[in-house]
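Comments concern the structure below.
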């Protein structure tokens with residue numbers, strides 16, 4: 083398949099000329115005088131008219147303090163002398179001109195940045211952030227997202243867009259107490275962040291960027307639980323005490339944008355961006371879009387934004403055919419590192435889009451602090467304080483039937499200790515007590531003898547309510563095993579790094595004694611099976627689940643969807659064992675087994691997934707088994723480290739590093 087079959091390109095203009103001028107600037111060296119540019123208007127008179135008009139435009143620009151995105155990456159903003167640290171040229175009104183700079187030569191023009199800001203809204207919360215920065219105060223900023231935010235495609239962590247944006251903040255608004263944290267986890271959907279938002283972002287956060295456009299499935303209706311989960315994530319962030327500015331960042335996967343006869347580069351793929359944009363409109367969230375900013379550059383093969391090759395080798399299409407790789411000398415002309423992720427240049431572009439949004443907010447904040455605010459009040463109608471407060475309050479959920487309050491549980495690190503309500507042989511202790519932090523110490527409920535047990539109790543109900551939870555979307559009910567397998571395969575295709583996952587990822591966990599784990603996907607709330615010596619608790623489970631007021635009532639003819647439980651535990655290469663997991667009271671579930679053994683020379687957290695019925699007091703027992711795991715070892719140690727419960731589909735593979743990443747990026751110890 084040749085390059086001409088892949089791309090509808092028209093020529094290859096350069097984004098910047100050899101003399102350093104910006105793309106789209108007037109030609110130089112043409113030999114034409116200013117007078118010759120007005121042959122139809124009579125020489126000097128035309129020239130005088132031109133000069134007069136130019137002076138008027140210049141005066142207007144000076145009066146409004148217009149933001150400029152120049153080749154030298156300098157943006158002049160009027161700030162007080164105190165914020166500029168004494169630098170800058172004083173003006174008659176006592177202000178100084180502070181030069182806000184990008185700490186690198188920009189790749190984007192002003193027009194590119196303007197196209198990329200696809201929704202701004204009132205920008206009220208963003209202006210509050212700008213006000214703090216202009217006043218010389220520190221901020222707390224977070225980036226949430228998948229593999230793009232984690233930095234996939236960048237050559238180093240320092241080249242990833244979160245680091246580049248934070249570099250801009252430190253250069254333009256220097257302060258030693260800025261808190262700038264990247265919380266990206268590769269290969270995940272927004273569901274895990276919806277469940278654990280409060281553990282990932284500090285209550286007094288000022289700014290949060292959210293990037294899940296290429297991670298959440300594109301082919302879902304707005305009423306699907308995954309879309310509801312994304313809305314719940316936004317609501318959790320907006321409700322934080324610090325009232326952070328929440329900004330949506332939309333990445334665009336050119337090589338995966340297929341449909342309606344196009345194999346790639348389909349402009350309106352993925353549908354996720356349209357859905358998220360609706361939520362941005364509803365919640366007044368600024369949004370920036372790689373597609374909107376760069377698509378014209380991509381289809382015109384502008385140097386630096388070409389997309390007919392990728393810069394990382396050994397990458398393949400889903401059909402197994404290799405992606406065309408750029409030679410070393412031409413890699414600077416291309417945007418993508420692989421089929422999904424931007425390269426170093428692409429990550430810089432994402433950082434510039436976010437920087438442009440912040441600079442625009444800073445300019446608007448200054449304008450409102452000056453004469454511009456009075457002029458605005460003189461022109462437009464004014465709302466009463468009461469009405470204004472109502473308009474800035476968080477509205478009810480946009481998606482019908484979505485939960486007003488959080489529907490998930492995220493108990494990790496010290497919050498997990500209280501989830502265990504009864505135990506025999508299990509002990510809450512640190513795996514590495516010599517480490518300085520709780521994360522490093524790896525606190526867990528640990529046992530080492532067969533027969534030891536711990537009981538975990540939690541609420542597995544959906545706060546959205548029984549009618550809403552059971553109706554409205556095919557996705558609300560549990561999928562069949564075949565459907566879940568197909569969805570999982572699609573999810574794996576969506577993340578490039580899944581191709582490099584360890585071979586252990588494809589293995590199913592082994593049942594104790596039986597050698598095969600019971601399939602839990604799509605399991606109903608029927609009796610718990612006994613395997614590997616476990617006894618059946620079907621009768622007790624069914625009785626407990628029917629207790630008055632404990633479980634939500636079902637709509638006639640519909641089965642309430644099960645909740646998904648993600649139990650985090652340790653896996654290691656020595657001394658580990660197997661545990662049986664079964665429901666003993668309240669909720670019902672199929673018996674499963676978690677395996678703490680593997681061959682890798684590493685000790686990491688792992689995710690054991692199973693489903694339970696909805697109940698206010700779901701009680702699950704974890705019992706250490708005497709049988710060996712998939713990799714027989716001397717010992718039977720089982721360490722439980724966290725539990726998450728969600729009614730939102732969570733794409734968090736059981737890959738070894740995902741639970742570890744989630745634990746390591748929680749806010750408590752940062």
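In my numbering, the protein residues as written are 83 to 752.
Quick reminder that beta carbons are idealized off the backbone N, C-alpha and C, glycines included.
Anyone know if the C-beta pair for residue i and residue j falls short of 7 Å?
i, j, result
"residue 538", "residue 702", "yes"
"residue 312", "residue 272", "yes"
"residue 314", "residue 362", "no"
"residue 700", "residue 668", "yes"
"residue 300", "residue 352", "yes"
"residue 308", "residue 268", "no"
"residue 433", "residue 194", "no"
"residue 392", "residue 334", "no"
"residue 663", "residue 676", "yes"
"residue 529", "residue 660", "no"
"residue 369", "residue 201", "yes"
"residue 652", "residue 690", "no"
"residue 256", "residue 288", "no"
"residue 444", "residue 216", "yes"
Please report the residue range of the alpha helix (DSSP H) in which residue i lies.
i, result
"residue 278", "273 to 282"
"residue 248", "243 to 254"
"residue 212", "206 to 216"
"residue 517", "It is not in any alpha helix (DSSP H) - residue 517 carries neither H nor E in the DSSP assignment."
"residue 381", "372 to 381"
"residue 39", "Past the edges of the chain, shown from 83 to 752, lies residue 39, and the structure says nothing about it."
Here's the rule I'm using: 16 or more other beta-carbon atoms within 10 Å means buried, otherwise exposed. How should residue i be labelled?
i, result
"residue 426", "buried"
"residue 721", "buried"
"residue 355", "buried"
"residue 402", "exposed"
"residue 774", "Nothing about residue 774 can be reported from this structure: the residues present for the chain run from 83 to 752 only."
"residue 473", "exposed"
"residue 378", "exposed"
"residue 350", "exposed"
"residue 258", "exposed"
"residue 204", "exposed"
"residue 437", "buried"
"residue 466", "exposed"
Using DSSP bridges, identify the partner residues of residue i.
i, result
"residue 677", "660"
"residue 509", "528"
"residue 398", "404"
"residue 323", "None; residue 323 has no bridge partner."
"residue 689", "650"
"residue 318", "Residue 318 is not bridged to any residue."
"residue 293", "227"
"residue 312", "Partner(s): none; residue 312 has no beta bridge."
"residue 476", "Paired residues: none, contrary to the question."
"residue 369", "201 and 330"
"residue 238", "In DSSP, residue 238 forms no bridge with anything."
"residue 669", "None; residue 669 has no bridge partner."
"residue 645", "694"
Have a look at residue i and residue j and give me their C-alpha separation to the nearest angstrom.
i, j, result
"residue 252", "residue 297", "29 Å"
"residue 428", "residue 412", "15 Å"
"residue 360", "residue 477", "14 Å"
"residue 324", "residue 224", "13 Å"
"residue 227", "residue 329", "12 Å"
"residue 693", "residue 447", "49 Å"
"residue 591", "residue 714", "The pLDDT assigned to residue 591 is 36, lower than 50, so where the model puts this residue is not dependable; a value taken from the coordinates is nonetheless given after this. Their Cα atoms are separated by approximately 13 Å."
"residue 270", "residue 319", "18 Å"
"residue 96", "residue 526", "Because residue 96 carries a pLDDT of 44, less than 50, the predicted location of this residue cannot be relied on, and no value is offered for it."
"residue 410", "residue 185", "26 Å"
"residue 421", "residue 238", "18 Å"
"residue 516", "residue 523", "7 Å"
"residue 658", "residue 219", "50 Å"
"residue 716", "residue 494", "28 Å"
"residue 384", "residue 726", "46 Å"
"residue 242", "residue 419", "12 Å"
Starting from residue i, trace the beta strand (DSSP E) both ways and give me its first and last residue.
i, result
"residue 261", "261 to 264"
"residue 200", "199 to 201"
"residue 724", "720 to 728"
"residue 359", "Premise fails: residue 359 lies in the alpha helix (DSSP H), 353 to 365, not in any beta strand (DSSP E)."
"residue 225", "222 to 227"
"residue 339", "Unbroken run through residue 339: none, as it is neither H nor E."
"residue 536", "535 to 540"
"residue 705", "700 to 706"
"residue 494", "491 to 494"
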